[in-house]
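K.L.:
Just dropping this structure here.
Residue numbers (our numbering): 2 to 69.
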């Protein structure tokens, strides 16, 4: 993912409802075995990591800063 795509994805995450995020997460997880390239797999892992961070931040606002 290029920087602009990452920024756009983060902006979407920040504005999305938790159920939308979980649906997107489930879609990515279900699609992982269909992704063939290393770059595509890395992008999918990045998206999942960003989703995890967003969900964690909503549960415990200080959690993401403590992980970095």
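Beta carbons: idealized from backbone N, C-alpha and C, even for Gly.
Under a three-way DSSP split, which group does residue 17 fall into?
P.N.:
In the structure shown, residue 17 sits in coil (DSSP, three-state: anything other than H, G, I, E or B).
K.L.:
Just to confirm my understanding: we take residue 36, look at its own chain, exclude 5 residues before and 5 after, and list those with CB closer than 6 angstroms. What are they?
P.N.:
Counting only Cβ-Cβ distances below 6 angstroms, and skipping sequence neighbours, we find 42 and 45.
K.L.:
Name the residue from 24, 62 and 38 whose alpha carbon lies nearest to the alpha carbon of residue 49.
P.N.:
Among 24, 62 and 38, the Cα nearest to that of residue 49 is on 24.
K.L.:
Which of the three DSSP states is assigned to residue 70 in this structure?
P.N.:
Only positions 2 to 69 of the chain appear in this structure, which leaves residue 70 out of reach.
K.L.:
Please work out which residues of its chain come closer than 6 angstroms, Cβ to Cβ, to residue 34, disregarding the five sequence neighbours upstream and downstream, and give them in chain order.
P.N.:
Here the set comprises nothing.
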